[in-house]
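For the sequence shown, our numbering gives the first residue as 36, with consecutive numbering after it. Built from N, CA and C at the ideal position, the CB exists for glycine as well. The structure displayed is predicted, hence computed values, not measured ones. These notes concern the structure reproduced below.
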Amino acid sequence: MSRVVVVGSGAREHALAWGLSQSAQVVVTPGNAGIAAHGITCVRTPPEDLDADLFVIGPEQPLVEGLADRLRAQGKVVVGPGYDGARLEGSKAFMKEFLDVAGVPTARFGVFSGEAEAIAFLATMEAPYVVKTDGLAAGKGVLVTDDFNEACADVRDKLSGAAFGDAGTTVIVEEGLDGEECSLLVLCDGATAVPLAPAQDFKRVGEADQGANTGGMGAYAPMLAMTPEHVERVMREIVAPTLKELAKRGIDFRGVLYAGVMLTSKGPKLLEYNVRFGDPETEVLVPLYGGSLFDLLVRVGEGRLEATPAPTKDFAVTVVLASHGYPQNPRSGDLISGLGVDGQLAEPVEGVTIFHAGSKRNENGSFVTVGGRVLAVTGVGPTMALARERAYQGAALVTFEGRVMRTDIALAVV
Ligand code: AMP
Ligand code: GLY
36 MSRVVVVGSG
46 AREHALAWGL
56 SQSAQVVVTP
66 GNAGIAAHGI
76 TCVRTPPEDL
86 DADLFVIGPE
96 QPLVEGLADR
106 LRAQGKVVVG
116 PGYDGARLEG
126 SKAFMKEFLD
136 VAGVPTARFG
146 VFSGEAEAIA
156 FLATMEAPYV
166 VKTDGLAAGK
176 GVLVTDDFNE
186 ACADVRDKLS
196 GAAFGDAGTT
206 VIVEEGLDGE
216 ECSLLVLCDG
226 ATAVPLAPAQ
236 DFKRVGEADQ
246 GANTGGMGAY
256 APMLAMTPEH
266 VERVMREIVA
276 PTLKELAKRG
286 IDFRGVLYAG
296 VMLTSKGPKL
306 LEYNVRFGDP
316 ETEVLVPLYG
326 GSLFDLLVRV
336 GEGRLEATPA
346 PTKDFAVTVV
356 LASHGYPQNP
366 RSGDLISGLG
376 VDGQLAEPVE
386 GVTIFHAGSK
396 RNENGSFVTV
406 GGRVLAVTGV
416 GPTMALARER
426 AYQGAALVTF
436 EGRVMRTDIA
446 LAVV
């Protein structure tokens, strides 16, 4: 049997490992307690010291630090771009300038490290105001507000390093875009690009998209509002010029180019690129994928991707359960009830899988929270309504003190 190493420790890596384990032998480094409980081997060995037919790198941080380059230098087959391609996510300033050169439609923007210039530019924009940190901030470095003074205060906080340290000392101020947001994860093998099913994620912590931006509180797929015509347009107007510019710069991008797209009245515009699988989008896309995930991903790594649409079946909804105080001050150590020894529902619900992100076992072997997003509860079914019902049925059975959960994931599409 083929061997795969998955790098990372969240619910995204749990979903990838679970999907891959249906046709390969999987090791996750470092993984987490819930992945191990699910019967998937977790080790603490650095990926460079492991041997496998395929390496799949989950999070952005190791990609930005060049892990894919180090593995490829050892002759390994890797899903994930090298340092050069990962800069599309590692620096928003780099990304925006890249988009400009490539001619990709995106929000009008300016890049600043001085407060006065940033605020002068803000004053030329209309609400909503958008202020972003340049570097990685786990999805939390973006402010969208109608309040000019709040936007100015945010510029000051970010530039002073108070909000995000070095990641924040350059800011991007950009035009606010209006419309439906879609995550289109596109597999790229260096030459060919194939989109997965369009997904929608829910970035705000509160119901009806109120409150702070988070890593993501839930997702569903396929997103039917993103029609095949929209997908085709994004591939033509956004992804194709990006691949062309990557090739021009000699960047061999093998991995996931995740396009965060706003469907505006003037057509799709790119909000951002990520260079990896989305979290929690992966927790709906993997269970929906009809084929062998190993075969698909090994083709990405080896540069043998075929331009056939990825098969999908059914509908999937995932609901994130986060710890008390998330995202500002997440608490750890709350006892989780409702899980069996395998980390899945003690009372199973048809079509439901639990993917663990921030859980560990205490001295009695029970699962407890370790801050941030704790679990993603995914429901799959033949309709969106049934997928959603199952996800929430599952979520209702898993409780812990101070649990943060949105009740409106996929509500508008059933
Ligand atoms: P980003 O990390 O750049 O995707 O931003 C996080 C979230 O902020 C996005 O998913 C959007 O919901 C919102 N956002 C980012 N940029 C804009 C924009 N220019 N206009 C409106 N909302 C935005
Ligand atoms: N779901 C947002 C992200 O993965 O960045």
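1) Report whether the distance from the Cβ of Pro177 to the nearest heavy atom of the ligand AMP is below 7 Å.
2) Just checking Glu316 against the ligand GLY - is the residue's beta carbon closer than 7 Å to any of the ligand's heavy atoms?
3) Pull up the distance between the alpha-carbon of Glu215 and that of Phe288, whole angstroms please.
4) Please state if the CB of Val333 and the CB of Val139 are separated by a distance shorter than 8 Å.
5) Under a Cβ-count criterion, where at least 16 other Cβ atoms within 10 Å of its own Cβ denotes burial, should Arg311 be classed as buried or exposed?
6) Just mark Thr80 as buried or exposed, buried being the case when its beta carbon has 16 or more other beta carbons within 10 Å.
7) Please classify Gly93: does DSSP put it in a helix, a strand, or coil?
8) Alpha carbon to alpha carbon, how far is Gly227 from Leu340?
9) Could you tell me whether any non-hydrogen atom of the ligand GLY is closer than 7 Å to the CB of Gly45?
10) Report the residue from Gly246, Leu231 and Leu98 whose alpha carbon sits nearest the alpha carbon of Phe237.
11) So, are the CB atoms of Phe329 and Leu55 less than 8 Å apart?
12) Can you check which of these residues, Thr141, Gly117, Pro116 and Gly115, is closest to Lys127 by C-alpha distance?
13) From this set, Ala68, Arg38, Val62 and Gln57, which residue's C-alpha is nearest Phe390's C-alpha?
14) Does the ligand GLY have even one heavy atom less than 7 Å from the beta-carbon of Gly253?
15) Would you check whether the ligand GLY has a heavy atom nearer than 7 Å to the C-beta of Gly125?
16) Hey, Arg408 and Ala87: beta-carbon distance below 8 Å or not?
17) Would you be able to state if there are at least three C-beta pairs under 8 Å between the region 307-322 and the region 91-99?
18) Is Thr204 helix, strand or coil by DSSP?
19) Excluding sequence positions up to five away, which residues of its chain have a Cβ less than 7 Å from the Cβ of Gly375?
20) Work out the CA separation of Leu123 and Arg268 for me, nearest whole Å.
21) Taking only heavy atoms of the ligand AMP into account, decide whether any of them is closer than 7 Å to the Cβ of Gly250.
22) With a threshold of 7 Å, establish whether the CB of Asp236 neighbours any heavy atom of the ligand GLY.
23) Should the region 286-301 be regarded as contacting the region 218-227, the criterion being three or more beta carbon pairs within less than 8 Å?
24) With H, G and I counted as helix, E and B as strand and the rest as coil, what does DSSP make of Tyr361?
25) In terms of residues, what are the limits of the beta strand (DSSP E) holding Asn309?
26) Is Asn309 near the ligand GLY, going by C-beta to nearest heavy atom under 7 Å?
27) DSSP three-state call for Ile70: helix, strand or coil?
28) Can you tell me whether Gly313 sits near the ligand GLY, meaning its C-beta is under 7 Å from at least one heavy atom of the ligand?
29) In the DSSP assignment, what are the bridge partners of Phe237?
30) Assuming the contact rule is C-beta atoms closer than 8 Å, Met414 and Ala422 should be a hit. Round their C-beta distance to whole Å, please.
31) Buried or exposed: Lys193, going by 16 or more other Cβ atoms within 10 Å of its Cβ?
32) Out of Tyr255, Glu307 and Lys301, state which residue places its alpha-carbon closest to the alpha-carbon of Val274.
33) What separation, rounded to the nearest whole angstrom, lies between the Cα atoms of Pro65 and Val40?
34) Helix, strand or coil, according to DSSP, for Met440 in the structure here?
35) Just grab the DSSP bridge partners of Cys223 for me.
According to the structure shown:
1) By 1-based counting over the sequence shown, the position of residue 177 is 142. Looking at the sequence shown, residue 177 is not Pro but Val. Because some heavy atom of the ligand AMP lies under 7 Å away, the Cβ of Val177 counts as near it: yes.
2) The residue labelled residue 316 in the question sits at position 281 within the sequence shown. It does: the Cβ of Glu316 is within 7 Å (strictly closer) of some heavy atom of the ligand GLY.
3) To locate residue 215, count along the sequence shown from 1; it is residue 180. To locate residue 288, count along the sequence shown from 1; it is residue 253. Going from the Cα of Glu215 to the Cα of Phe288 covers about 28 Å.
4) Translated into positions along the sequence shown, residue 139 becomes position 104. Translated into positions along the sequence shown, residue 333 becomes position 298. Against a cut-off of 8 Å, the Cβ pair of Val333 and Val139 comes out as no contact.
5) Taking the sequence shown and counting its residues from 1, one reaches residue 311 at position 276. Under this definition Arg311 is a buried residue.
6) Here the question's residue 80 lines up with position 45 in the sequence shown. Burial call: exposed.
7) As a position in the sequence shown, residue 93 is number 58, starting the count at 1. Correct three-state label for Gly93: coil.
8) Residue 227 sits at position 192 when you count from the first residue of the sequence shown. Residue 340 sits at position 305 when you count from the first residue of the sequence shown. Note on identity: in this sequence residue 227 is Thr, with Gly being the wrong assignment. So the alpha carbons of these two residues sit roughly 6 Å apart.
9) Translated into the one-based positions of the sequence shown, residue 45 becomes position 10. Gly45: no, Cβ never under 7 Å from the ligand GLY.
10) Translated into the one-based positions of the sequence shown, residue 237 becomes position 202. Per the Cα distances, Gly246.
11) Against the sequence shown, residue 329 aligns to sequence position 294. Against the sequence shown, residue 55 aligns to sequence position 20. Their beta carbons are under 8 Å apart, which means Phe329 touches Leu55 by this criterion.
12) Residue mapping note: residue 127 aligns to position 92 of the sequence shown, counting from 1. Among Thr141, Gly117, Pro116 and Gly115, the Cα nearest to that of Lys127 is on Thr141.
13) Here residue 390 corresponds to residue number 355 of the sequence shown, with the count starting at 1. Closest by alpha carbon: Ala68.
14) The residue given as residue 253 occupies position 218 in the sequence shown. Answer for Gly253: no, Cβ out of range of the ligand GLY.
15) Within the sequence shown, residue 125 is the residue found at index 90, counting from 1. Flag unset: Cβ of Gly125 not near the ligand GLY.
16) Translated into the one-based positions of the sequence shown, residue 408 becomes position 373. Translated into the one-based positions of the sequence shown, residue 87 becomes position 52. The answer is no: Cβ separation not under 8 Å.
17) yes
18) For the purposes of this step, residue 204 is taken as the residue at position 169 of the sequence shown. Coil, per DSSP.
19) The count along the sequence shown starts at 1 and reaches residue 375 at position 340. Excluding residues within five positions, the ones whose Cβ falls inside 7 Å are Ala381.
20) As a position in the sequence shown, residue 268 is number 233, starting the count at 1. As a position in the sequence shown, residue 123 is number 88, starting the count at 1. Distance between the alpha carbons of Arg268 and Leu123 is about 21 Å.
21) Here residue 250 refers to the residue found at position 215 of the sequence shown. Not under cutoff, so the answer is no.
22) Within the sequence shown, the letter at position 201 stands for residue 236. Indeed, a heavy atom of the ligand GLY lies less than 7 Å from the Cβ.
23) yes
24) In the sequence shown, the residue the question calls residue 361 occupies position 326. Residue state, collapsed to three classes: coil.
25) Working through the sequence shown from its first residue, we reach residue 309 at position 274. Where Asn309 is concerned, the enclosing beta strand (DSSP E) stretches over Gly302 to Asn309.
26) Locating residue 309 in the sequence shown gives position 274, counting from the first residue. Yes, the beta carbon of Asn309 sits closer than 7 Å to at least one heavy atom of the ligand GLY.
27) The sequence position of residue 70 within the sequence shown is 35, counting from 1. Three-state result, Ile70: helix.
28) Residue mapping note: residue 313 aligns to position 278 of the sequence shown, counting from 1. Checking every heavy atom of the ligand GLY against the Cβ of Gly313, one is found closer than 7 Å.
29) The residue you call residue 237 lines up with position 202 of the sequence shown. Partner(s): none; Phe237 has no beta bridge.
30) For the purposes of this step, residue 414 is identified with residue 379 of the sequence shown, where counting begins at 1. For the purposes of this step, residue 422 is identified with residue 387 of the sequence shown, where counting begins at 1. According to the sequence as given, residue 414 is Gly; it is not Met. Rounded, the Cβ-Cβ distance is 5 Å, consistent with contact.
31) Walking along the sequence shown from the start, residue 193 turns up at place 158. Buried.
32) Here the question's residue 274 lines up with position 239 in the sequence shown. Val274 has its Cα closest to that of Glu307, out of Tyr255, Glu307 and Lys301.
33) As a working mapping, residue 65 is identified with position 30 in the sequence shown. As a working mapping, residue 40 is identified with position 5 in the sequence shown. If you take the alpha carbons of Pro65 and Val40, they lie about 10 Å apart.
34) What you label residue 440 is simply residue 405 of the sequence shown in a count that begins at 1. Three-state DSSP puts Met440 in coil, outside helix and strand.
35) As a first step, residue 223 is located in the sequence shown; it is residue number 188 there, counting from the start. Note: Cys223 sits in a beta bridge opposite Ala228 and Gly290.
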